[in-house]
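Input: a single structure, listed below in structure tokens.
2 protein chains.
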Amino acid sequence: MPRPAKVTRDQIVAAAIRLVDRDGAAALTMSRIGEELGVAAMSLYNHIDNKEALLDAVAETILSDITVPSTASGWESIVRESFRSVRRVAHRHPALFPLVLDRVPHLLGEARLIEAFLEVMCAAGFDERTALGAFRILSDFTIGYVLAEARGITLEPGQGRLQAGSLPSESFPRIAQVLPQLGAEDRDADFELGLDLILTGLRAWLSDRTATRPTVD
Amino acid sequence: MPRPAKVTRDQIVAAAIRLVDRDGAAALTMSRIGEELGVAAMSLYNHIDNKEALLDAVAETILSDITVPSTASGWESIVRESFRSVRRVAHRHPALFPLVLDRVPHLLGEARLIEAFLEVMCAAGFDERTALGAFRILSDFTIGYVLAEARGITLEPGQGRLQAGSLPSESFPRIAQVLPQLGAEDRDADFELGLDLILTGLRAWLSDRTATRPTVD
DNA sequence: ACCTGAACACCGTTCAAGT
DNA sequence: ACCTGAACACCGTTCAAGT
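Protein chains in written order, with this note's numbering: chain A, 4 to 220; chain B, 4 to 220.
Below, the structure is given as structure tokens:
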């Protein structure tokens, strides 16, 4: 005789995200999720295979929050906005994002993002191989940057993660000189600067190639 | 009455590294380390505070393998070689590197690397603030890249991490087109291209500034 | 069809007892 | 000064028994 389900798969995924956002990555436990939903831990296995599969589902959900703007305003701003979107999503789920990244390589959502990126870049005149290289560089830069932010940066306004006493300014004169200058805006500025450097390089690559081999066919 | 120690702190750190290199990150367990050294798990607590402290020690050891070349050949090749060294170390310990990264922000070794980088860049004519921005961009790019390699890249020569069947080429035409072109060398090439793009941008920044404000004092 | 108590093999860590 | 058996509070997961 069938029985009405007390929880659904979607509720489990949502509870997992809520839990990590609220209590940190260490709180992501089958029992804690159950507690969150008024159900015993073992009940979750009626709806998901195991914890790994749950993390995949969580990761797909987070990935789907990344937005690629509609193809209006040229490849550079589409690309720039896309990676800003990655960073925005990471900021929304700082504790969760590192867990998501572990799952990304085998997710379908990632393939969708790559396909969309290649589409934009090829339309702009890049060949597939170069476009993929550009994707790796831009996304790995973004991921590294965002991960550093999520983890807590070494040198930050104030004093950063290194304990105040542990950095004798006579052994670290340059660091002692930058530290007081740092403001919170600098994290945004450095990310944008990184995107700029890479995009400028790609722009140069493109104008070189369209100069030597002017738009055939 | 004193008793000769069966293990030392250094042996514990070495065993931990060996273990992860051989059996993967999941094998890093107090009991497995004890087993490796012929000692019960609890004995380790006579030499280290807890597992977190052990991971810090492991991370410091790995960090110290990163080499910054002697100041011979100009800032660009010093910088390039330094980040190549990071990647080399990561390749030597693929399973361990993600764990190390979690610890990096509060390690003294990281501060030493930053200080050395700032030194090189300031000698080349950068101000401290810009030099720190450059460090963030270069190191976060490198870390993101190397992490993607350690985790397994989505699109790789062969088929990559996505299961063969799961990528219908009619929904992913661009990906279907690049995949067969990819060779193993492309991972090196894309990393070097990323360094090139960033370094080219920094070079441009430097020549702009020395042009407008020619080497005073 | 879904829930759960009991059980299993594993964690990290503490502490008292040993040498 | 160092090692360890027993114990504790936690993991993820399975399975048989319940509705």
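Even glycine gets a Cβ: it sits at the ideal position worked out from N, Cα and C.
Output the distance between the C-alpha atoms of A/Ser174 and A/Gln180, rounded to the nearest integer angstrom. Position 171 of the first sequence, counted from the first residue, corresponds to residue 174 of chain A. Position 177 of the first sequence, counted from the first residue, corresponds to residue 180 of chain A. Going from the Cα of A/Ser174 to the Cα of A/Gln180 covers about 12 Å.
What did DSSP end up calling A/Glu55 once you bin it into helix, strand or coil? Numbered from its first residue, the first sequence carries residue 55 of chain A at position 52. A/Glu55: helix per DSSP, three-state reduction.
What's the call for B/Glu39, buried or exposed, on a 16-neighbour Cβ count within 10 Å? What you label residue 39 of chain B is simply residue 36 of the second sequence in a count that begins at 1. By the 10 Å Cβ count, B/Glu39 comes out buried.
Is DSSP giving B/His109 helix, strand or coil here? If you number the second sequence from 1, residue 109 of chain B lands on position 106. Helix, per DSSP.
Of all Cβ atoms in chain B, is any one closer than 8 Å to the Cβ of A/Pro108? As a first step, residue 108 of chain A must be located in the first sequence, where it is residue number 105. So, interface residue.
I'd like to know whether the C-beta atoms of A/Glu118 and B/Ile178 end up nearer to each other than 8 Å. Counted from its first residue, the first sequence places residue 118 of chain A at position 115. Counted from its first residue, the second sequence places residue 178 of chain B at position 175. Contact flag set, yes.
So for B/Phe129, helix, strand or coil by DSSP? Stepping through the second sequence from its first residue, residue 129 of chain B is reached at position 126. Three-state DSSP puts B/Phe129 in coil, outside helix and strand.
A/Phe222 touches chain B at which residues, Cβ-Cβ below 7 Å? As shown, chain A starts at 4 and ends at 220. That puts residue 222 of chain A outside it, with no answer to give.
Same chain, Cβ closer than 6 Å to A/Val98, neighbours up to 5 away in sequence not counted: Taking the first sequence and counting its residues from 1, one reaches residue 98 of chain A at position 95. The residue you asked about is not Val; residue 98 of chain A is Ala in the sequence shown. Contacts found: Val23, Gly27, Ala28.
What do you reckon, are the CB atoms on B/Arg132 and A/Gln184 nearer than 8 Å? On the second sequence, position 129 is the one that residue 132 of chain B refers to. On the first sequence, position 181 is the one that residue 184 of chain A refers to. Yes, the Cβ-Cβ distance between B/Arg132 and A/Gln184 is below 8 Å.
Roughly how many whole angstroms lie between the Cα atoms of A/Arg154 and A/Pro101? As a working mapping, residue 154 of chain A is identified with position 151 in the first sequence. As a working mapping, residue 101 of chain A is identified with position 98 in the first sequence. Here the alpha carbon of A/Arg154 sits roughly 9 Å from the alpha carbon of A/Pro101.
Which one of B/Asn53, B/Leu57, B/Glu113, B/Asp105 has the shortest CA to CA distance from B/Leu66? Along the second sequence, one-based indexing puts residue 66 of chain B at 63. The candidate whose alpha carbon is nearest that of B/Leu66 is B/Glu113.
Mind checking whether B/Leu158 and B/Ile201 have CB atoms under 8 Å apart? Residue numbering aside, residue 158 of chain B sits at position 155 when the second sequence is read from its first letter. Residue numbering aside, residue 201 of chain B sits at position 198 when the second sequence is read from its first letter. No, Cβ-Cβ distance for B/Leu158 and B/Ile201 is not below 8 Å.
With a threshold of 16 other CB atoms inside 10 Å of the CB of B/Ala167, please say whether the residue is buried or exposed. By one-based count along the second sequence, residue 167 of chain B stands at place 164. At B/Ala167 the pLDDT is 47, less than 50, meaning the model places this residue with poor confidence and gives no usable figure here.
Who are the neighbours of B/Gly155 on chain A, taking C-beta pairs under 7 Å? Here residue 155 of chain B refers to the residue found at position 152 of the second sequence. Result: Pro108.
A/Thr203 - containing alpha helix (DSSP H), residue span: Within the first sequence, the letter at position 200 stands for residue 203 of chain A. Here the alpha helix (DSSP H) through A/Thr203 covers 188-215.
For chain A, check one thing: does any of its Cβ atoms lie closer than 8 Å to the Cβ of B/Val61? Taking the first residue of the second sequence as 1, we reach residue 61 of chain B at position 58. No, because no Cβ of chain A sits closer than 8 Å to the Cβ of B/Val61.
Do you know offhand how far A/Cys125's Cα is from A/Val103's? Position 122 of the first sequence, counted from the first residue, corresponds to residue 125 of chain A. Position 100 of the first sequence, counted from the first residue, corresponds to residue 103 of chain A. C-alpha separation (whole angstroms): 28 Å.
Find the residues of chain B that neighbour A/Thr74, judging by a C-beta separation of less than 7 Å, and give them in chain order. By 1-based counting over the first sequence, the position of residue 74 of chain A is 71. Within chain B, no residue comes near A/Thr74; the closest Cβ sits about 14 Å away, beyond 7 Å.
Measure the C-alpha to C-alpha separation of B/Arg12 and B/Leu110 and round it to an integer number of angstroms. As a working mapping, residue 12 of chain B is identified with position 9 in the second sequence. As a working mapping, residue 110 of chain B is identified with position 107 in the second sequence. In a straight line, the C-alpha of B/Arg12 is about 18 Å away from that of B/Leu110.
Count the other C-beta atoms from every protein chain shown that fall within 10 angstroms of the C-beta of B/Gly41, then say buried if there are 16 or more, exposed otherwise. Within the second sequence, the letter at position 38 stands for residue 41 of chain B. By the beta-carbon neighbour count (other beta carbons within 10 angstroms, threshold 16), B/Gly41 is exposed.
Looking only at its own chain, which residues have a Cβ that is under 8 Å from the Cβ of A/Ile20, when we skip the five neighbours before and after it? On the first sequence, position 17 is the one that residue 20 of chain A refers to. Here the set comprises Val61, Thr64, Ile65, His96, Leu99.
What does the Cβ neighbour count give for B/Tyr48, buried or exposed, with the cut at 16 atoms within 10 Å? Taking the first residue of the second sequence as position 1, residue 48 of chain B is located at position 45. Around the beta carbon of B/Tyr48, a 10 Å sphere encloses fewer than 16 other beta carbons of the protein chains shown; the residue is thus reported as exposed.
B/Phe86 and B/Leu182: beta carbons closer than 8 Å? Within the second sequence, residue 86 of chain B is the residue found at index 83, counting from 1. Within the second sequence, residue 182 of chain B is the residue found at index 179, counting from 1. No, these two residues do not count as a Cβ contact at 8 Å.
For the alpha helix (DSSP H) that B/Leu94 lies in, which residues bound it at each end? By one-based count along the second sequence, residue 94 of chain B stands at place 91. In the sequence on display, residue 94 of chain B carries His and not Leu. Per DSSP, B/His94 belongs to the alpha helix (DSSP H) from 78-95.
Beta carbon of B/Ala18 nearer than 8 Å to that of B/Ser34: Within the second sequence, the letter at position 15 stands for residue 18 of chain B. Within the second sequence, the letter at position 31 stands for residue 34 of chain B. Not closer than 8 Å, so no.
Just checking: is the beta-carbon of A/Ile146 within a distance shorter than 8 Å of some beta-carbon in chain B? Locating residue 146 of chain A in the first sequence gives position 143, where the first residue counts as 1. Judged by the 8 Å Cβ criterion, A/Ile146 is in contact with chain B.
Using only alpha-carbon positions, find the residue among B/Pro160, B/Ile156, B/Pro108, B/Ser73 that is nearest to B/Phe120. Within the second sequence, the letter at position 117 stands for residue 120 of chain B. Closest in alpha carbon position to B/Phe120, among B/Pro160, B/Ile156, B/Pro108, B/Ser73, is B/Ser73.
Given that B/Asp193 touches chain A, what residues does it touch there, using C-beta distances under 7 Å? Position 190 of the second sequence holds residue 193 of chain B. Within 7 Å Cβ-Cβ: Gly136, Arg139, Ile140.
Could you please give the first and the last residue of the uninterrupted alpha helix (DSSP H) stretch that includes A/Ala19? As a first step, residue 19 of chain A is located in the first sequence; it is residue number 16 there, counting from the start. Looking at the DSSP string, the run of the alpha helix (DSSP H) that includes A/Ala19 is 12-26.
State yes or no: is the beta carbon of A/Ala221 nearer than 8 Å to at least one beta carbon in chain B? Nothing in the structure corresponds to residue 221 of chain A, since chain A is present only between 4 and 220.
Counting only Cβ pairs nearer than 9 Å, list the residues of chain A close to B/Arg132. Working through the second sequence from its first residue, we reach residue 132 of chain B at position 129. In chain order: Val181, Gln184, Leu185, Asp189.
Check whether the Cβ atoms of B/Gly136 and A/Thr203 sit closer than 8 Å, and answer yes or no. Position 133 of the second sequence, counted from the first residue, corresponds to residue 136 of chain B. Position 200 of the first sequence, counted from the first residue, corresponds to residue 203 of chain A. Their beta carbons are not under 8 Å apart, which means B/Gly136 does not touch A/Thr203 by this criterion.
Closest Cα partner of B/Val149 within the set B/Ala134, B/Phe194, B/Arg106, B/Ser76: Here residue 149 of chain B refers to the residue found at position 146 when the second sequence is read from its first residue. Comparing Cα-Cα distances from B/Val149 to each of B/Ala134, B/Phe194, B/Arg106, B/Ser76, the minimum goes to B/Phe194.
Quick one: using the 10 Å Cβ neighbour count with 16 as the cut-off for buried, is B/Thr70 buried or exposed? Residue numbering aside, residue 70 of chain B sits at position 67 when the second sequence is read from its first letter. With fewer than 16 Cβ atoms within 10 Å of its Cβ, B/Thr70 is classed as exposed.
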